[in-house]
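For the record, in the sequence shown the residue sitting at position 264 is 292 according to the numbering used here, with numbers rising by one throughout. Don't be surprised by glycine CBs; every beta carbon is placed ideally from N, CA and C. Working notes for the structure below.
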Amino acid sequence: MAAAVLIGADLVHAGAGAVGRVPTAVREPGPGGGASSAGADAEPDRLPPVLRPQPEQPVDTPEPAPPPDTGSGGPDGPDGPPAPPVTYPQTGPGTFAFLTGAGPVLGWAGELRRFRVAVEDGISLRPDEFAAVVDATLGDDRSWVAGRQFRLQRVPRTAAAEFTIYLATPGTSEQMCALGGLVTEKYTSCRLPGQVIINMDRWMRAVPDYGAPLAVYRAYAINHEVGHQFGMGHELCPAPGRPAPVMQQQTYGLQGCQANGWPYVDGKRYTGPPMP
Numbered sequence: 029m030a031a032a033v034l035i036g037a038d039l040v041h042a043g044a045g046a047v048g049r050v051p052t053a054v055r056e057p058g059p060g061g062g063a064s065s066a067g068a069d070a071e072p073d074r075l076p077p078v079l080r081p082q083p084e085q086p087v088d089t090p091e092p093a094p095p096p097d098t099g100s101g102g103p104d105g106p107d108g109p110p111a112p113p114v115t116y117p118q119t120g121p122g123t124f125a126f127l128t129g130a131g132p133v134l135g136w137a138g139e140l141r142r143f144r145v146a147v148e149d150g151i152s153l154r155p156d157e158f159a160a161v162v163d164a165t166l167g168d169d170r171s172w173v174a175g176r177q178f179r180l181q182r183v184p185r186t187a188a189a190e191f192t193i194y195l196a197t198p199g200t201s202e203q204m205c206a207l208g209g210l211v212t213e214k215y216t217s218c219r220l221p222g223q224v225i226i227n228m229d230r231w232m233r234a235v236p237d238y239g240a241p242l243a244v245y246r247a248y249a250i251n252h253e254v255g256h257q258f259g260m261g262h263e264l265c266p267a268p269g270r271p272a273p274v275m276q277q278q279t280y281g282l283q284g285c286q287a288n289g290w291p292y293v294d295g296k297r298y299t300g301p302p303m304p
């Protein structure tokens with residue numbers, strides 16, 4: 029079955045503060061193109077999207093360096109003005125912005141596995157802002173690298189990678205997940221071979237009655253779907269009051285467990301009974 033074709037857009041910087049977008053055609057790995065042997069996974073576990081391939085025009089530019097910290101914050105005080113609210117449509121154009129620079133190597137031992145990060149156009153969250161959360165999550169000593177079986181690194185669109193982590197609007201995420209036969213009803217995130225697809229609604233709002241800060245749910249969303257990419261299946265709550273395994277479908281409810289975003293708890297791999 030042919031791999032899904034998605035339209036990407038590298039960030040191009042021309043002078044201070046100027047940002048343009050150059051459309052490219054991006055072919056993501058299909059079932060035979062990634063290192064994982066696992067199939068498609070979602071929380072649930074169909075609408076083919078209209079995605080428009082265009083001729084490739086690769087452009088690589090380094091990520092812009094952050095402005096120096098002068099200690100003065102911004103014009104509104106030491107901390108600067110408040111950040112503008114993140115906005116996005118319910119269904120975006122199906123085109124994505126990719127960072128062109130590489131991130132740090134995450135982890136301490138094992139083979140190096142590479143991934144990309146992309147944010148759908150129309151989402152006001154910048155790709156570098158999303159990538160910073162992804163890097164911090166996957167590089168945490170409670171995340172998958174704690175097993176010391178592999179290391180991870182974010183790479184540019186032009187570099188070979190095992191998988192891509194997409195932040196997509198609810199409508200686009202539904203369309204992308206449907207390519208693998210998954211029904212998400214614009215609500216859940218999913219994973220297809222070579223593609224980790226994070227639903228923007230869940231990224232911004234988590235789920236009702238989660239009982240933990242949004243940062244915990246975001247760590248869960250990343251680690252859960254990336255865990256599928258690494259071949260992990262769904263698990264169940266081991267007992268009321270215990271932490272929920274990261275591979276539990278926490279979006280659908282905690283079943284008496286406590287919210288948890290990490291595969292390693294107290295330095296040990298934490299699991300629950302496998303879901304039948």
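Cβ shell of residue i (< 6 Å), same chain only, five flanking positions each side left out
{"i": "D73", "result": "Low local confidence applies: a pLDDT of 35 at D73 is under 50, so the model's placement there is unreliable, and no value is given."}
Residue i versus residue j: straight-line alpha-carbon distance, rounded
{"i": "Q257", "j": "A111", "result": "33 Å"}
{"i": "Q223", "j": "T192", "result": "5 Å"}
{"i": "F143", "j": "A125", "result": "15 Å"}
{"i": "V254", "j": "E263", "result": "15 Å"}
{"i": "V235", "j": "Q177", "result": "32 Å"}
{"i": "A189", "j": "D294", "result": "31 Å"}
{"i": "G208", "j": "L220", "result": "6 Å"}
{"i": "R170", "j": "T115", "result": "31 Å"}
Chain C within 7 Å of residue i, Cβ atoms only
{"i": "V183", "result": "In the displayed structure, chain C is absent; only one protein chain is listed."}
Start-to-end residues for the alpha helix (DSSP H) that takes in residue i
{"i": "C205", "result": "198-206"}
{"i": "E157", "result": "155-166"}
{"i": "R176", "result": "No alpha helix (DSSP H) contains R176, which DSSP labels as neither H nor E."}
Run of the beta strand (DSSP E) containing residue i, from where it starts to where it stops
{"i": "Q13", "result": "Coverage of the chain is limited to positions 29 through 304, which leaves residue 13 absent and any answer about it impossible."}
Spatial neighbours of residue i in its chain, beta-carbon cut-off 8 Å, leaving aside the 5 residues before and after
{"i": "P198", "result": "Q118, T119, K214, Y215, N227, M228, D229"}
{"i": "V274", "result": "Y248, N251, H252, G255, N288, G289, W290, P291, Y298"}
{"i": "Y238", "result": "V244, Y245, Q278, L282, A287"}
{"i": "P302", "result": "G261, H262, E263, L264"}
Exposed unless 16 or more other CB atoms sit within 10 angstroms - verdict on residue i
{"i": "E71", "result": "Residue placement at E71 cannot be trusted, given a pLDDT of 48 that sits under 50; what the coordinates show is reported in the next sentence. With 16 or more other Cβ atoms within 10 Å, it is buried."}
{"i": "P241", "result": "exposed"}
{"i": "S152", "result": "exposed"}
{"i": "D149", "result": "buried"}
Given residue i as reference, the closest of the options once Cα atoms are compared
{"i": "R270", "options": "Y298, D237, P221, V211", "result": "Y298"}
{"i": "K296", "options": "G175, A159, P113", "result": "G175"}
{"i": "A137", "options": "D163, D156, R179", "result": "R179"}
{"i": "W24", "options": "V161, L134, P266", "result": "With the chain represented from 29 up to 304, any question about residue 24 goes unanswered, as that position is not in the structure."}
{"i": "G167", "options": "R182, P155, G259, D156", "result": "R182"}
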